[in-house]
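Numbering (UniProt numbering), first residue to last: 1 to 243.
Glycine included, each C-beta is placed from N, C-alpha and C at the ideal position.
Given the structure is predicted, the values throughout are model-derived calculations rather than measurements.
Right under this line is the structure:
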(Lines of atoms letter the chains of each structure in order from A and count residues from 1; the text may use other names and numbers.)
(Lines give C-alpha, C1' and ligand atoms only; values in the text may rest on other atoms or scores of the structure.)
Protein backbone atom coordinates (compact mmCIF):
# COMPACT_ATOMS: atom_id res chain seq x y z
CA UNK A 1 0.00 0.00 0.00
CA UNK A 2 1.34 3.42 -0.96
CA UNK A 3 2.21 5.76 1.89
CA UNK A 4 -0.13 8.70 2.43
CA UNK A 5 1.62 12.00 1.68
CA UNK A 6 1.83 14.47 4.57
CA UNK A 7 -0.28 17.61 4.20
CA UNK A 8 0.57 21.25 4.90
CA UNK A 9 -2.14 23.86 5.42
CA UNK A 10 -1.31 27.45 4.49
CA UNK A 11 -3.44 30.05 6.27
CA UNK A 12 -3.75 32.93 3.82
CA UNK A 13 -4.61 35.62 6.33
CA UNK A 14 -5.19 38.01 3.45
CA UNK A 15 -5.47 37.49 -0.28
CA UNK A 16 -2.17 39.23 -1.07
CA UNK A 17 -0.16 36.91 1.19
CA UNK A 18 0.14 33.57 -0.57
CA UNK A 19 2.62 30.75 -0.10
CA UNK A 20 4.46 31.21 -3.44
CA UNK A 21 7.97 29.69 -3.13
CA UNK A 22 7.13 28.20 0.24
CA UNK A 23 4.41 26.06 -1.29
CA UNK A 24 6.82 24.86 -3.96
CA UNK A 25 9.41 23.95 -1.32
CA UNK A 26 6.92 21.86 0.67
CA UNK A 27 5.79 20.14 -2.53
CA UNK A 28 9.42 19.33 -3.33
CA UNK A 29 9.65 17.64 0.08
CA UNK A 30 6.69 15.37 -0.66
CA UNK A 31 3.81 17.34 0.88
CA UNK A 32 0.29 17.82 -0.37
CA UNK A 33 -0.59 21.52 -0.18
CA UNK A 34 -3.90 22.91 1.08
CA UNK A 35 -4.81 26.58 1.60
CA UNK A 36 -7.47 28.40 3.60
CA UNK A 37 -8.52 32.02 3.01
CA UNK A 38 -9.05 33.96 6.24
CA UNK A 39 -9.98 37.58 5.43
CA UNK A 40 -11.70 37.84 2.02
CA UNK A 41 -10.52 40.52 -0.43
CA UNK A 42 -13.73 42.52 0.00
CA UNK A 43 -12.94 42.99 3.72
CA UNK A 44 -9.38 44.33 3.43
CA UNK A 45 -10.48 47.75 4.71
CA UNK A 46 -12.70 46.27 7.44
CA UNK A 47 -10.95 43.05 8.39
CA UNK A 48 -12.63 42.31 11.74
CA UNK A 49 -14.51 39.25 10.53
CA UNK A 50 -15.54 36.06 12.28
CA UNK A 51 -13.93 32.97 10.76
CA UNK A 52 -14.64 29.27 11.22
CA UNK A 53 -11.23 27.64 10.83
CA UNK A 54 -10.72 24.02 9.75
CA UNK A 55 -9.87 21.27 12.22
CA UNK A 56 -6.08 21.43 12.69
CA UNK A 57 -5.84 17.73 13.53
CA UNK A 58 -6.17 16.81 9.86
CA UNK A 59 -2.79 18.33 8.97
CA UNK A 60 0.87 17.56 9.57
CA UNK A 61 2.06 21.18 9.32
CA UNK A 62 0.15 24.47 9.52
CA UNK A 63 1.70 27.69 8.16
CA UNK A 64 0.07 31.01 9.09
CA UNK A 65 1.23 33.53 6.49
CA UNK A 66 1.54 37.32 6.40
CA UNK A 67 -1.00 40.13 6.65
CA UNK A 68 -1.00 43.92 6.55
CA UNK A 69 -2.60 44.41 9.97
CA UNK A 70 -1.07 44.26 13.46
CA UNK A 71 -1.65 41.02 15.35
CA UNK A 72 -2.39 43.03 18.49
CA UNK A 73 -5.28 45.06 17.01
CA UNK A 74 -8.09 44.69 19.60
CA UNK A 75 -10.87 44.36 17.00
CA UNK A 76 -8.97 41.56 15.26
CA UNK A 77 -8.12 39.79 18.51
CA UNK A 78 -11.84 39.81 19.30
CA UNK A 79 -12.60 38.15 15.95
CA UNK A 80 -10.45 36.03 13.65
CA UNK A 81 -7.04 36.63 15.22
CA UNK A 82 -8.35 35.29 18.52
CA UNK A 83 -9.83 32.30 16.72
CA UNK A 84 -6.59 31.67 14.84
CA UNK A 85 -4.62 31.81 18.09
CA UNK A 86 -6.97 29.15 19.49
CA UNK A 87 -6.40 27.08 16.34
CA UNK A 88 -2.62 27.28 16.82
CA UNK A 89 -2.88 26.23 20.47
CA UNK A 90 -5.13 23.31 19.51
CA UNK A 91 -2.74 22.34 16.72
CA UNK A 92 0.24 22.35 19.07
CA UNK A 93 -1.69 20.24 21.57
CA UNK A 94 -2.50 17.77 18.77
CA UNK A 95 1.17 17.48 17.76
CA UNK A 96 0.85 19.48 14.54
CA UNK A 97 4.03 21.33 13.56
CA UNK A 98 3.73 25.10 13.03
CA UNK A 99 5.70 27.50 10.82
CA UNK A 100 4.73 31.18 11.06
CA UNK A 101 5.77 33.74 8.45
CA UNK A 102 5.99 37.49 9.29
CA UNK A 103 2.50 38.23 10.69
CA UNK A 104 2.23 34.48 11.18
CA UNK A 105 5.47 34.40 13.15
CA UNK A 106 4.27 37.29 15.29
CA UNK A 107 1.01 35.42 15.79
CA UNK A 108 2.92 32.40 17.09
CA UNK A 109 4.86 34.62 19.50
CA UNK A 110 1.66 36.25 20.75
CA UNK A 111 -0.19 32.93 21.04
CA UNK A 112 2.44 31.28 23.21
CA UNK A 113 3.11 34.10 25.64
CA UNK A 114 5.40 36.55 23.85
CA UNK A 115 4.44 40.08 22.90
CA UNK A 116 4.31 42.03 19.64
CA UNK A 117 4.81 45.79 19.47
CA UNK A 118 5.65 48.49 16.97
CA UNK A 119 9.30 48.40 15.96
CA UNK A 120 11.35 51.62 16.23
CA UNK A 121 11.85 51.40 12.48
CA UNK A 122 10.41 49.17 9.77
CA UNK A 123 12.38 46.71 7.68
CA UNK A 124 11.45 46.73 4.00
CA UNK A 125 13.61 45.12 1.34
CA UNK A 126 16.48 42.66 1.47
CA UNK A 127 18.30 42.41 4.81
CA UNK A 128 21.18 40.19 5.85
CA UNK A 129 19.97 37.78 8.52
CA UNK A 130 22.55 36.32 10.90
CA UNK A 131 21.69 32.76 11.91
CA UNK A 132 22.86 30.82 14.96
CA UNK A 133 21.52 27.61 13.38
CA UNK A 134 22.13 27.72 9.62
CA UNK A 135 21.15 24.05 9.47
CA UNK A 136 17.61 25.21 10.30
CA UNK A 137 17.50 28.83 9.10
CA UNK A 138 20.14 29.59 6.47
CA UNK A 139 21.66 33.03 6.91
CA UNK A 140 22.02 35.60 4.17
CA UNK A 141 19.71 38.10 2.52
CA UNK A 142 16.01 37.52 3.17
CA UNK A 143 13.10 39.74 2.15
CA UNK A 144 11.39 41.86 4.80
CA UNK A 145 8.23 43.97 4.92
CA UNK A 146 7.17 44.58 8.51
CA UNK A 147 6.55 47.35 11.03
CA UNK A 148 6.23 45.28 14.21
CA UNK A 149 8.50 42.91 16.10
CA UNK A 150 8.10 40.25 18.77
CA UNK A 151 9.56 39.44 22.13
CA UNK A 152 10.21 35.75 22.51
CA UNK A 153 7.62 33.52 24.17
CA UNK A 154 8.76 31.85 27.41
CA UNK A 155 10.95 28.85 26.63
CA UNK A 156 11.60 29.86 23.02
CA UNK A 157 15.09 29.85 21.50
CA UNK A 158 16.10 32.60 19.07
CA UNK A 159 17.73 31.24 15.93
CA UNK A 160 18.38 34.33 13.82
CA UNK A 161 18.18 38.11 13.87
CA UNK A 162 19.05 41.41 12.24
CA UNK A 163 20.33 44.39 14.27
CA UNK A 164 16.75 45.68 14.47
CA UNK A 165 14.72 42.60 15.34
CA UNK A 166 14.57 38.91 16.08
CA UNK A 167 14.08 36.98 12.85
CA UNK A 168 13.47 33.37 13.86
CA UNK A 169 12.65 31.37 16.97
CA UNK A 170 11.79 27.79 17.87
CA UNK A 171 9.41 26.67 20.60
CA UNK A 172 8.74 22.94 20.67
CA UNK A 173 7.52 21.96 17.19
CA UNK A 174 6.77 25.57 16.23
CA UNK A 175 9.05 28.00 14.39
CA UNK A 176 8.38 31.68 13.79
CA UNK A 177 10.01 33.66 10.98
CA UNK A 178 9.96 37.44 10.72
CA UNK A 179 11.19 37.56 7.12
CA UNK A 180 9.39 36.42 3.96
CA UNK A 181 11.10 33.33 2.51
CA UNK A 182 8.18 32.85 0.10
CA UNK A 183 8.76 36.00 -1.96
CA UNK A 184 9.33 35.76 -5.71
CA UNK A 185 9.08 38.41 -8.41
CA UNK A 186 5.44 37.64 -9.22
CA UNK A 187 4.34 37.95 -5.59
CA UNK A 188 6.45 41.08 -5.07
CA UNK A 189 4.86 42.73 -8.13
CA UNK A 190 1.44 42.17 -6.55
CA UNK A 191 2.60 43.71 -3.28
CA UNK A 192 4.15 46.70 -5.00
CA UNK A 193 0.99 47.32 -7.02
CA UNK A 194 -0.87 47.35 -3.70
CA UNK A 195 1.59 49.69 -1.93
CA UNK A 196 -1.18 52.19 -1.23
CA UNK A 197 0.56 53.90 1.68
CA UNK A 198 3.90 54.38 -0.05
CA UNK A 199 5.78 52.09 2.34
CA UNK A 200 8.61 51.45 -0.12
CA UNK A 201 9.24 55.13 -0.85
CA UNK A 202 9.10 55.94 2.86
CA UNK A 203 11.88 53.40 3.38
CA UNK A 204 14.05 55.23 0.83
CA UNK A 205 13.64 52.59 -1.86
CA UNK A 206 11.87 52.36 -5.19
CA UNK A 207 9.94 49.55 -6.80
CA UNK A 208 12.44 48.92 -9.58
CA UNK A 209 15.26 48.51 -7.05
CA UNK A 210 13.36 45.87 -5.13
CA UNK A 211 12.34 43.97 -8.25
CA UNK A 212 15.88 44.01 -9.64
CA UNK A 213 17.36 42.75 -6.38
CA UNK A 214 14.68 40.06 -6.11
CA UNK A 215 15.47 38.85 -9.63
CA UNK A 216 19.21 38.82 -8.87
CA UNK A 217 18.70 36.70 -5.76
CA UNK A 218 16.13 34.31 -7.23
CA UNK A 219 18.40 31.28 -7.65
CA UNK A 220 20.09 31.79 -4.28
CA UNK A 221 16.76 32.21 -2.47
CA UNK A 222 15.34 29.16 -4.23
CA UNK A 223 18.18 27.06 -2.84
CA UNK A 224 18.00 28.52 0.67
CA UNK A 225 14.21 28.22 1.02
CA UNK A 226 14.42 24.52 0.27
CA UNK A 227 17.18 24.20 2.86
CA UNK A 228 15.02 26.16 5.33
CA UNK A 229 12.02 23.88 4.83
CA UNK A 230 14.26 20.81 5.11
CA UNK A 231 15.78 22.18 8.32
CA UNK A 232 12.35 22.95 9.76
CA UNK A 233 10.97 19.53 8.89
CA UNK A 234 14.02 17.67 10.20
CA UNK A 235 14.97 19.61 13.32
CA UNK A 236 11.68 21.23 14.40
CA UNK A 237 8.76 19.25 13.01
CA UNK A 238 10.51 15.88 13.31
CA UNK A 239 9.50 14.67 9.85
CA UNK A 240 11.56 12.20 7.86
CA UNK A 241 12.40 13.61 4.45
CA UNK A 242 11.90 11.53 1.30
CA UNK A 243 15.13 10.09 -0.04
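Apart from sequence neighbours up to five positions away, the residues of its chain that approach residue 145 with a beta-carbon distance below 6 Å are 124, ordered along the chain. When DSSP reads this structure, residue 132 sits in no beta bridge, so it has no partner.
Excluding five sequence positions before and after residue 115, the CB atoms of its chain that fall closer than 6 Å to its own CB belong to 151, given in chain order. Leaving aside the five residues that flank residue 135 on each side, the residues in its chain whose CB is nearer than 6 Å to its CB run, in chain order, 231. The segment 161-179 makes no contact with the segment 192-204; the number of CB pairs closer than 8 Å stays below 3.
Rounded to whole angstroms, the gap between the alpha carbons of residue 161 and residue 214 is 20 Å. Under the 8 Å Cβ criterion, the segment 36-46 does not count as touching the segment 86-100, having fewer than three qualifying pairs. Per DSSP, the unbroken alpha helix (DSSP H) holding residue 20 starts and ends at 20-28. Taking a contact to require three or more Cβ pairs closer than 8 Å, the segment 7-15 and the segment 61-69 qualify as touching. As a beta-bridge residue in DSSP terms, residue 126 pairs with 143. By the criterion of at least three beta-carbon pairs nearer than 8 Å, the segment 218-231 is in contact with the segment 19-29. Residue 175 has 99 and 170 as its beta-bridge partners, per DSSP. By the Cβ neighbour-count rule, residue 157 is exposed, with fewer than 16 other Cβ atoms within 10 Å of its own.
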